[in-house]
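> Dropping a structure here in structure tokens format, bear with me for questions.
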Amino acid sequence: MNSKIPCQVNLKLCSRCPGYASYFCYSCGDLCTQCKLVHVINLDTKHHNVVLHREKNNHFQIKSPCADHQNQMYEHYCDLCGIPICAQCVEHDMHKKIYLEKAYKKKRQHNEDSIVNIRSETLYNAQVIHAWLRPDVQNDISCCRDKVCHCLIRISTKAKTLKDLLDSLHEKVISIYKFFLMKRLQKQTIQIARYINKLQNVESKCAHSVYKPVHVFALMKKPSLFRIQDTPKMTQSIMLSISKDIKMNELINLLSDIQFIRRGKREATNERLLKLMPSPVLQKSVSLKGVDGCDHISCITSDLIWVSDYQKNLILTDTNIGETIYAVNDSFDLRYVGLHSVNNCNELIYIDKEFNINKVSDETKSKTTIIKRTDFIWRPHCLCCSLHNSDVLVGMYYSDAFISKGKVIRYNSAGFLINTIQDEQTSGTLYSVPIYITENSNRDIVVSDDHRLVVTNDIGKHRFSYLGPPSGPRIDPRGVCTDALSHILVCDGTPSR
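Residue numbers are given in numbering that gives the first Met the number 0: position 403 of the sequence shown equals residue 402, and the series is strictly consecutive.
Written out as structure tokens, the structure is:
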């Protein structure tokens, strides 16, 4: 046979369909696998003799290799042991052996009745049972699918209900906890009010019992260093001398010099209260070296100040001699911004050129980054240190082609975020370009913004905005600070003023 001819040419076709025949019925002819299955369970043809094609032509199947001797094929069948053997299986030499093909035919003839029974009865009954059970199985599958969907819906509903219960329970727990805290706070407030009332009563009693109540109040209300009082000068005429005999003349003169002055109710005077001066008075002027202009000032003491100029120079200067003590060379290079401040420990807090916020030690002048920039959309524009608790207030700035806006972030001394002041709920954008920032003695936050001065309280509630005098151009605020009377002092950059 030509090896180039495809194997499909040698295959026989089924007599009932276009498929290839693998079986042969002595009554009906060639059959494919599917037609053979139908043929053997059909009531009219189940008794037909259906065999493989190789059995029709008495062609025995391909021999298999021996399990014990891989290079040998099975050739005989041991009738005593009931297993196929090869030529090298010498342990079966004394047993009765027959050819493998003859043994196959003998076994097939012996099981012919079982084969016919399986083909005619078992397969048919299985098909009938399968056809009978198939609708029930499909119905059960559909019913199970519906039940599963229903269970999933119920689970989802219960999960939502459970979530709502947990949310309501969370709110209820918070409200109860808040109620207990408020009750505890009210109790502490009442107790503190009682303590204050007791202190006021003690203060009132002291005011009526001492000779100079103002000095007593100063000692009670404002702690000060103890000072050794000078010994009062006494006239020589009234000084007593220690002796055994009492001189009556000296005693009479001493007692006659005592004067009794009737006084009314003693009240504290307001001699030490601060008063607003009618006009500013120049106290001191210093010429600085090594700076190009004065953009922002942070005071450590009256003699030591930090000054930044227009050329990103940040120096520590002694105002007594006007000399530079220390210089920072990595500060933020932008004009008209308050990029540095001093905290309660006399340490410099400033914005560097990478928009990180650093701290310079007062003694060692070592640098430490306390707030590292992580948000690259917003950048720090100005800052100040609170004199109440060493918090750092940072004015942040963001702009694009259409809008510019700002916000104020409060950090603690360790660099952790406390709160953010950004947009007012009623008036929209609170800040646009914060350039200078400070904190008032009443904890208000004052920000120099774009042509306005914005003032909020410590939690960010807007108090007022100053745009300038009613008549004239709007204010152009720059550096800003406050005085001891909580007045706001701001530099106005408007040329016409």
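Note that the Cβ used here is the ideal one computed from N, Cα and C, for glycine as well.
Out of curiosity, what's the CA-to-CA distance linking Thr419 and Gly289?
37 Å
> What are the start and end residues of the alpha helix (DSSP H) that includes Ala66?
Looking at the DSSP string, Ala66 is not in any alpha helix (DSSP H), and its letter there is neither H nor E.
> Since Cys490 and Glu438 should fall inside the 8 Å C-beta cutoff, what is the C-beta to C-beta distance between them, to a whole number of angstroms?
That belief does not hold up - the Cβ atoms of Cys490 and Glu438 are roughly 17 Å apart, past 8 Å.
> Quick test of your reading: Ile444 and Val407, contact by CB under 8 Å. State the CB separation rounded to the nearest angstrom.
6 Å
> Check for me: the beta strand (DSSP E) holding Ser255 runs from which residue to which?
Unbroken run through Ser255 is the alpha helix (DSSP H), Met247 to Ser255; no beta strand (DSSP E).
> Can you list, in chain order, the residues of its chain with a C-beta nearer than 7 Å to that of Glu122? Leave out the 5 residues immediately preceding and following it.
Sequence inspection shows Leu at residue 122; the Glu mentioned does not correspond to that position. For Leu122, where only same-chain residues beyond five positions count, the Cβ hits under 7 Å are Val39 and Ile40.
> Let me check understanding here. Comparing Cα to Cα, which of Lys352, Leu132 and Val393 lies closest to Asn328?
Lys352
> From this set, Val359, Pro472 and Thr188, which residue's C-alpha is nearest Pro494's C-alpha?
Pro472
> Compare the beta carbon distance of Asp67 and Cys88 with 8 Å and say whether it is the shorter of the two.
yes
> By DSSP, does Asp399 sit in helix, in strand, or in coil?
coil
> So the beta strand (DSSP E) Lys101 belongs to, where does it begin and stop?
Element bounds for Lys101: not the beta strand (DSSP E) but the alpha helix (DSSP H), Leu99 to His109.
> Would you kindly work out how many angstroms separate the C-alpha atoms of Leu198 and Ile458, rounded to a whole number?
31 Å
> Is it right to say Asp448 is buried, meaning 16 or more other beta carbons lie within 10 angstroms of its own, or is it exposed?
buried
> Once DSSP output is grouped into helix, strand and coil, what is the label at Leu315?
strand
> Taking the CB atoms as reference points, tell me whether His450 and Ile474 lie closer together than 8 Å.
The answer is yes: Cβ separation under 8 Å.
> If we call anything under 8 Å between Cβ atoms a contact, is Asn357 one with Lys366?
yes
> Out of Glu362, Asn342, Trp131 and Lys62, which has the shortest C-alpha to C-alpha gap to Tyr325?
Glu362
> What residues are listed by DSSP as bridge partners for Trp131?
Per DSSP, none; premise fails for Trp131.
> Quick one, are the C-beta atoms of Leu429 and Val454 less than 8 Å apart?
no
> Which stretch, first to last residue, makes up the beta strand (DSSP E) that contains Cys298?
His295 to Cys298
> Would Cys31 pass as a contact of Gly18 if the rule is Cβ separation under 8 Å?
yes
> Nearest to Tyr103 by alpha carbon, out of Leu42, Asn411 and Lys62?
Lys62
> Starting from Lys35, trace the alpha helix (DSSP H) both ways and give me its first and last residue.
Thr32 to Ile40
> Please state the DSSP three-state secondary structure of Met181.
helix
> Since Leu416 and Cys381 should fall inside the 8 Å C-beta cutoff, what is the C-beta to C-beta distance between them, to a whole number of angstroms?
Actually they do not touch by this definition, with Cβ atoms about 17 Å apart.
> On the DSSP bridge list, what partners appear for Thr455?
Ile444 and His461
> Quick check: the Cα distance between Val136 and His169, rounded to an integer number of angstroms?
48 Å
> Quick check on DSSP: helix, strand or coil for Leu382?
strand
> Among residues of its own chain, excluding the 5 on either side of Ile299, which ones have a beta-carbon nearer than 6 Å to its beta-carbon?
Val341 and Asn345, listed in sequence order.
> So the beta strand (DSSP E) His75 belongs to, where does it begin and stop?
His75 to Cys77
> Should Cys24 go down as buried or exposed, given a rule of 16 or more other Cβ atoms within 10 Å for buried?
buried
> What is the residue span of the beta strand (DSSP E) that Lys283 lies within?
Counting along the chain, Lys283 falls outside any beta strand (DSSP E), and DSSP gives it neither H nor E.
> Around the Cβ of His295, are there at least 16 other Cβ atoms within 10 angstroms (buried) or fewer (exposed)?
Classification for His295: buried.
> Taking Cβ to Cβ, would you say Ser330 is nearer than 8 Å to Ile348?
no
> Let's see if you can read the secondary structure: which residues bound the beta strand (DSSP E) around Glu120?
Where Glu120 is concerned, there is no enclosing beta strand (DSSP E), given that its DSSP letter is neither H nor E.
> Alpha carbon to alpha carbon, what distance is there between Arg372 and Ser412?
16 Å
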